[in-house]
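Undergrad: Quick note: the sequence shown uses the numbering used here, first residue 6, plus one each step.
Cβ coordinates follow ideal geometry from the N, Cα and C atoms, glycine included.
Quantities reported herein were computed from a predicted structural model and do not represent experimental measurements.
So that we are looking at the same thing, I have put the structure below in structure tokens.
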Amino acid sequence: MWSRTLTAAMGINQEDFVKAFVGALGEERVVKKLDDVICQRLVKEIQELRDVIKERDSRITDLEKEVTSLKEALDQQEQYTRRNNLRITGRKEKETEDVAEMTMDLINKNVCELEPITIGDVDRIHHVGRRRDDGVPRPILIRFSTYRARQRVYTNRRKLNLRQRQGIPGRPWAGMTESGASNVQQQVATQNVYVNEDLTRPRASMLWRARRGKQNKIKDCWSSDGNVLVKDSKGTVRSVRNEDELSAIMSQSG
């Protein structure tokens with residue numbers, strides 16, 4: 006249709022125009038000119054598409070950074086709500102035990118025997134999650150009424166580790182029950198029981214990963230006030246906020 010309109014406007018016969026056009030295609034200069042025109046058009050369109058993709062990639066990168074920043078802010082807020090919490094792991098469960106009384110005894114015999122924790126120092130003590138079929142003990146969550154009480158336990162937690170390594174019995178404390186006091190000299194701190202901070206899932210995952218890298222990448226790692234701290238191969242202590250920062254440290258270490 007367009008060829009008829011064009012030939013009519015030019016005042017030539019359509020058939021003659023087609024013959025002339027086909028003949029021109031046999032000339033190298035005409036073909037080269039057509040190639041140049043087509044290539045220029047394609048290059049222009051490709052560049053326009055690249056510009057659009059580049060702009061969208063930049064926008065996606067900005068959005069990803071914003072999402073990461075928001076996730077970190079939310080994680081920080083959640084961690085702050087756990088500020089007065091500690092977790093005890095590795096303590097074997099018993100069917101009929103009072104978890105609150107057992108936990109208080111464990112702490113006061115092995116961690117805070119000089120300044121025992123009282124019932125007024127804690128808000129709640131309970132197991133986390135359902136009892137497992139494989140017998141693995143559930144963590145025990147302790148929510149203290151004050152940060153000071155929580156710190157009294159956390160800063161002395163290494164006493165428990167020392168007693169476990171050396172097999173030292175727990176010590177009597179003023180608030181323990183009569184039956185507990187009579188048996189305390191025969192009670193050795195339970196093996197593989199640890200007192201840890203109550204970390205959010207991302208922070209707990211980072212700390213676990215850092216511990217796996219201790220053999221040849223990281224000298225030491227721990228948490229303090231909810232922050233994951235790592236000592237690299239040069240002895241520099243760094244605070245780790247996300248997995249990318251941990252990966253960077255591990256790639257530079259060792």
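In terms of alpha-carbon separation, which member of Lys239, Ile223, Gln82 and Pro207 lies closest to Glu248?
TA: Of the candidates Lys239, Ile223, Gln82 and Pro207, the one whose C-alpha sits nearest the C-alpha of Glu248 is Pro207.
Undergrad: So Arg129 is in the beta strand (DSSP E); what residue range does that whole segment cover?
TA: Val127 to His132
Undergrad: Strictly by DSSP, which residues pair up with Thr94?
TA: Tyr199
Undergrad: Rounded to the nearest angstrom, how far is the Cβ of Ile122 from that of Ala154, given a contact under 8 Å?
TA: 6 Å
Undergrad: For His132 and Lys76, what's the separation of their Cα atoms in angstroms?
TA: 28 Å
Undergrad: Pick helix, strand or coil for Asp237, following the three-state DSSP scheme.
TA: strand
Undergrad: Tell me whether Ile112 is buried or exposed, calling it buried when 16 or more other Cβ atoms sit within 10 Å of its Cβ.
TA: buried
Undergrad: By the 10 Å Cβ neighbour count, where 16 or more other Cβ atoms means buried, how is Thr151 classified, buried or exposed?
TA: exposed
Undergrad: Could you check the C-alpha separation between Asp40 and Lys49 for me, to the nearest Å?
TA: 14 Å
Undergrad: Check for me: the beta strand (DSSP E) holding Ile147 runs from which residue to which?
TA: Ile145 to Phe149
Undergrad: Taking buried to mean at least 16 other C-beta atoms within 10 Å of its own C-beta, is Lys164 buried or exposed?
TA: Looking at its Cβ environment, which holds 16 or more other Cβ atoms inside 10 Å, Lys164 is buried.
Undergrad: Can you list, in chain order, the residues of its chain with a C-beta nearer than 8 Å to that of Ser228? Leave out the 5 residues immediately preceding and following it.
TA: Asn201, Glu202, Leu204, Arg208, Leu212 and Leu234
Undergrad: Counting along the chain, where does the beta strand (DSSP E) carrying Asp225 start and finish?
TA: Asp225 -> beta strand (DSSP E) spans Ile223 to Ser229.
Undergrad: Among Arg214, Glu98 and Ser238, which has the Cα closest to the Cα of Gly134?
TA: Glu98
Undergrad: For Ser187, collect the residues of the same chain with a Cβ closer than 8 Å to its Cβ; drop the 5 residues on either side in sequence, then sort them by chain order.
TA: For Ser187, the predicted structure reports a pLDDT of 44, less than 50, and the residue's modelled location is therefore unreliable. A value from the coordinates is still provided. The answer is none, since no qualifying residue turns up.
Undergrad: Just list the residues that DSSP pairs Arg243 with in beta bridges.
TA: Val235
Undergrad: Buried or exposed: where does Gln84 fall if 16 or more other Cβ atoms within 10 Å of its Cβ makes it buried?
TA: buried
Undergrad: Can you give the Cα-Cα distance for Lys70 and Ser63, rounded to whole angstroms?
TA: 11 Å
Undergrad: Look at the alpha carbon of Leu54 and the alpha carbon of Asn89, and state the distance between them as a whole number of angstroms.
TA: Cα atoms of Leu54 and Asn89: separation of roughly 54 Å, rounded to the nearest angstrom.
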